[in-house]
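Here is the structure we will look at, set down as structure tokens.
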Amino acid sequence: MGQKLIVGISDWKVGRGDDMLVTYALGSCIGTCLYDKASGIAGMSHIMLPDSTAIIDGHTTRMKFADTAIPDMLDKMKLMGASPATIRAKIAGGAVMFQTSNSRFNIGERNIEAVKAVLSRLRIPILAEDVGLNYGRTMTFWAQNGAVEISSTVMGKKMI
Amino acid sequence: MSIGKYEDLNDMQIDVLKEVGNIGSGNATTALSSMVGKMIDIEVPKVEVLAFNDAIEAVGGPEKVIAGILIRINGDIDGMIMFLFEQNLISLIEETFFGEAPPDIFSLNEAQMSALTEMGNIMAGSYVNAIAQLAGMTIDVEVPVMTIDMLGAIMSVPAVEMGEMGDKLLFIDNNMIIDKTSIQSKMLLLPTIDSLDHLLGKLGVA
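Protein chains in written order, with the numbering used here: chain B, 1 to 160; chain Y, 161 to 366.
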């Protein structure tokens with residue numbers, strides 16, 4: 001019997017078999033699902049910010065940033081037996097929740113770019129994405145087959 | 161002594177912030193009350209210093225759908241005011257402006273959205289003016305922006321902007337009560353850490 005693993009904000013978790021991973025209400029944050037079909041190992045991360053190097057305070061969690069969370073999660077998946085060459089990604093989020101003329105607050109766009117850059121550096125192809133626009137998304141990920149469902153209040157549910 | 165993290169606040173400072181919330185939200189509620197012609201009270205304010213996920217649980221849970229009105233503030237205090245309006249309060253406001261309320265939160269038209277945004281604008285102005293007077297400060301409010309969506313996605317905005325340096329959020333939480341029923345619609349004041357220091361200094365408890 002698989003577990004339901006809830007991935008919070010600034011968090012990542014890894015599952016396998018019948019596990020189901022869920023992260024709720026991604027706004028400007030990004031949910032990244034990594035899946036290795038061969039071993040059935042699945043990881044989901046929920047990052048808030050693009051870049052840890054810009055943050056002076058060292059007390060904050062590495063799980064918050066694209067450049068630290070995704071490589072850490074990949075390392076954990078490798079330890080569990082996942083093969084980097086067969087890992088694929090699906091990503092969602094990066095919305096602009098409140099439309100304003102001030103681009104300083106467009107963190108969603110910066111998060112999308114950062115996650116894509118990290119995945120490219122790690123040589124992980126992106127199979128599917130549902131990013132940008134202006135609404136929140138809940139992401140559900142089944143370790144059994146790598147399927148990902150996105151649900152939102154405006155668009156309903158869809159598989160990516 | 162200046163505060164480096166939200167969790168460094170002492171009990172006296174928390175009490176002062178509760179009073180700030182009390183005065184600010186009292187003023188905002190008076191404005192709302194006179195617009196809609198109903199008695200509206202506020203519960204005793206809470207000062208919450210919580211990790212992001214706990215903060216979202218504390219205001220209703222990540223997937224609860226709600227109207228969020230965000231007003232950035234700057235000047236002597238930087239940060240934001242966030243209104244979280246539930247269906248019953250939205251209906252009350254829409255009835256006041258248009259004589260009837262939409263059947264649900266998803267069917268608000270543009271004029272109805274504008275009415276809510278304007279209500280947020282008036283209330284934020286009242287909230288901020290009360291604090292500005294109390295602390296002898298100048299605080300400006302920006303144009304409000306509004307969305308209807310999941311609470312978690314809405315609250316990720318202050319979490320990202322205020323929580324960049326740490327993993328916690330501080331907010332002063334005011335619940336409104338209409339006709340003696342708590343309606344779970346909220347006003348949140350979220351100051352940046354630097355502004356919090358400045359405010360507490362002005363009020364003599366830094």
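Yeah, the Cβ is synthetic: ideal placement off N, Cα and C, and Gly gets one too. This structure is a prediction, so every number in the text was calculated from the model and none was measured.
Out of Ile6/B, Cys29/B, Val14/B and Cys33/B, which one is the CA nearest neighbour of Val22/B? Taking the first residue of the first sequence as position 1, residue 22/B is located at position 22. Closest by alpha carbon: Ile6/B.
Start and end of the alpha helix (DSSP H) containing Ser251/Y? On the second sequence, residue 251/Y is found 91 positions in, with the first residue counted as 1. Segment Gln247 to Phe258, the alpha helix (DSSP H) holding Ser251/Y.
Check the Cβ of Thr100/B against every Cβ in chain Y and list those closer than 7 angstroms, keeping chain order. Within the first sequence, numbered from 1, the residue matching residue 100/B stands at position 100. Neighbours of Thr100/B in chain Y, taken as residues whose beta carbon is under 7 angstroms from its own, are Val305 in chain order.
Among Val14/B, Asn106/B, Asp51/B and Asp18/B, which one has its Cα closest to the Cα of Cys33/B? Looking up residue 33/B in the first sequence gives position 33. Of the candidates Val14/B, Asn106/B, Asp51/B and Asp18/B, Val14/B places its Cα closest to the Cα of Cys33/B.
DSSP three-state assignment for Phe163/B, whether helix, strand or coil: The question about residue 163/B has no answer, for chain B in this structure spans 1 to 160.
To the nearest angstrom, how far is the alpha carbon of Lys346/Y from that of Val317/Y? For the purposes of this step, residue 346/Y is taken as residue 186 along the second sequence, with counting starting at 1. For the purposes of this step, residue 317/Y is taken as residue 157 along the second sequence, with counting starting at 1. If I take the Cα positions, the gap works out to 16 angstroms.
Chain-ordered chain B contacts of Pro222/Y [CB-CB under 7 angstroms]: In the second sequence, counting from the first residue as 1, residue 222/Y sits at position 62. Ordered by position in chain B, the residues that pass the 7 angstroms Cβ test against Pro222/Y are Tyr24 and Ala25.
How should Gly328/Y be labelled, buried or exposed, when 16 other C-beta atoms within 10 angstroms of its C-beta is the threshold for buried? As a first step, residue 328/Y must be located in the second sequence, where it is residue number 168. A small fix is needed here, since residue 328/Y is Lys in this sequence, not Gly. It counts as buried.
For His46/B and Ile160/B, what's the separation of their Cα atoms in angstroms? To locate residue 46/B, count along the first sequence from 1; it is residue 46. To locate residue 160/B, count along the first sequence from 1; it is residue 160. Their Cα atoms are separated by approximately 17 angstroms.
Coil, strand or helix - Pro318/Y by DSSP: As a working mapping, residue 318/Y is identified with position 158 in the second sequence. Here DSSP, grouped into helix, strand and coil, assigns Pro318/Y to helix.
Note down, in chain order, each residue of its chain lying with its Cβ closer than 8 angstroms to the Cβ of Met306/Y, except the 5 sequence neighbours on either side. Along the second sequence, read from residue 1 onward, the residue named residue 306/Y stands at position 146. If you ignore the 5 residues before and after Met306/Y, its C-beta comes within less than 8 angstroms of the C-beta of Ala227, Gly228, Ile229, Leu230, Met273, Leu276, Thr277 and Gly280, all in its own chain and listed in chain order.
Cα-Cα separation, Lys198/Y to Thr256/Y: To locate residue 198/Y, count along the second sequence from 1; it is residue 38. To locate residue 256/Y, count along the second sequence from 1; it is residue 96. Computed Cα separation, rounded: 10 angstroms.
At the level of alpha carbons, what is the spacing between Ile299/Y and Asn234/Y? The residue labelled residue 299/Y in the question sits at position 139 within the second sequence. The residue labelled residue 234/Y in the question sits at position 74 within the second sequence. Each residue's alpha carbon lies about 6 angstroms from the other.
Classify Tyr135/B as helix, strand or coil using the three-state DSSP reduction. Taking the first sequence and counting its residues from 1, one reaches residue 135/B at position 135. In the structure shown, Tyr135/B sits in coil (DSSP, three-state: anything other than H, G, I, E or B).
What residues from chain B crowd round Leu230/Y, counting only those whose CB sits closer than 9 angstroms? As a working note, residue 230/Y is residue 70 in the second sequence. Within chain B, the residues Met97, Phe98 and Thr100 have their CB atoms less than 9 angstroms from the CB of Leu230/Y, given in chain order.
Do Asn170/Y and Pro205/Y have their beta-carbon atoms positioned less than 8 angstroms apart in this structure? To locate residue 205/Y, count along the second sequence from 1; it is residue 45. To locate residue 170/Y, count along the second sequence from 1; it is residue 10. Judged by their CB atoms, Pro205/Y and Asn170/Y are not nearer to each other than the 8 angstroms cut-off.
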